Amino acid sequence: MTLADHRDPRALPDLIRSLETRVDDWRALYGVGGYPQAADRLVPLLADGLHRIDPHRPDAPIPAGLYLSRLAHLKDPIAIPVITDTLTWASRHQSWTVVTSALNALATFGPAAQAAHAQIRPLTNAPDNSVRAAAQASLDALTGDKDTVPAQSTPGHGLGQHPPY
Numbered sequence: 095m096t097l098a099d100h101r102d103p104r105a106l107p108d109l110i111r112s113l114e115t116r117v118d119d120w121r122a123l124y125g126v127g128g129y130p131q132a133a134d135r136l137v138p139l140l141a142d143g144l145h146r147i148d149p150h151r152p153d154a155p156i157p158a159g160l161y162l163s164r165l166a167h168l169k170d171p172i173a174i175p176v177i178t179d180t181l182t183w184a185s186r187h188q189s190w191t192v193v194t195s196a197l198n199a200l201a202t203f204g205p206a207a208q209a210a211h212a213q214i215r216p217l218t219n220a221p222d223n224s225v226r227a228a229a230q231a232s233l234d235a236l237t238g239d240k241d242t243v244p245a246q247s248t249p250g251h252g253l254g255q256h257p258p259y
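All letters in the sequence shown, in the order written, are residues 95 to 259 by my numbering.
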């Protein structure tokens, strides 16, 4: 993973193999953001990881927020439907930390994520304070209003926070 830390293209096959085989995939996740040119290969692998998330344990073994932040870090619009699907799934399960992470990820895409507006708007009335703040920040980002968009609605990736079940 040292090559990936330096965004060396020789690391990409190993990152992909780690994500495909799920061997050291948690470590590989930290390197994928440096390879936006490979988003077409990486986004489906990250989506697969998100599909394996247990809604009752969204932080184990790999936090959903980590997958979502990596999708956002790739900055490729092909990740938007994956993030939006995760937002819908997490909202249905009331997994508020995952919802917040998905909203933060969508906000990074700004106006390019406009298609998610219908899923985001109702979350401004969610029972969770972090979700409401993240939903408003995402809506502000969709308008492209840089003055009203905070960097993130919560510090970090929201790791270690647990939804109220």
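In this text, a Cβ means the ideal position worked out from N, Cα and C, and glycines have one as well.
Source: prediction; values computed, not measured.
Whole-angstrom distance between residue j and residue i, CA atom to CA atom
i, j, result
"Ile174", "Ser195", "13 angstroms"
"Ile40", "Ile177", "Shown here, the chain extends from 95 to 259; a query on residue 40 therefore has no answer."
"Pro107", "Leu123", "13 angstroms"
"Gly127", "Leu165", "8 angstroms"
"Gln208", "Trp120", "30 angstroms"
"Pro152", "Val193", "11 angstroms"
"Ala171", "Asp102", "At residue 171 the sequence reads Pro, which differs from the Ala that was named. One C-alpha to the other measures close to 23 angstroms."
"Asp222", "Tyr161", "22 angstroms"
"Asp118", "Pro155", "12 angstroms"
"Leu139", "Asn219", "32 angstroms"
Nearest-angstrom beta carbon gap, residue j and residue i [assumed within contact, 8 angstroms]
i, j, result
"Gly125", "Ala105", "7 angstroms"
"Gly159", "Thr191", "7 angstroms"
CB contact flag (residue i, residue j, <8 angstroms)
i, j, result
"Ser189", "Leu217", "no"
"His211", "Pro149", "no"
"Ile214", "Ala229", "yes"
"Leu168", "Ala133", "yes"
Residue range of the unbroken alpha helix (DSSP H) whose run includes residue i
i, result
"Pro107", "Leu106 to Thr115"
"Ile174", "Ile174 to Arg186"
"Thr194", "Trp190 to Ala201"
"Gly80", "With the chain represented from 95 up to 259, any question about residue 80 goes unanswered, as that position is not in the structure."
Q: Report yes or no: do three or more beta-carbon pairs, one from the stretch 227–236 and one from the stretch 198–205, lie closer than 8 angstroms?
A: The stretch 227–236 vs the stretch 198–205: in contact.
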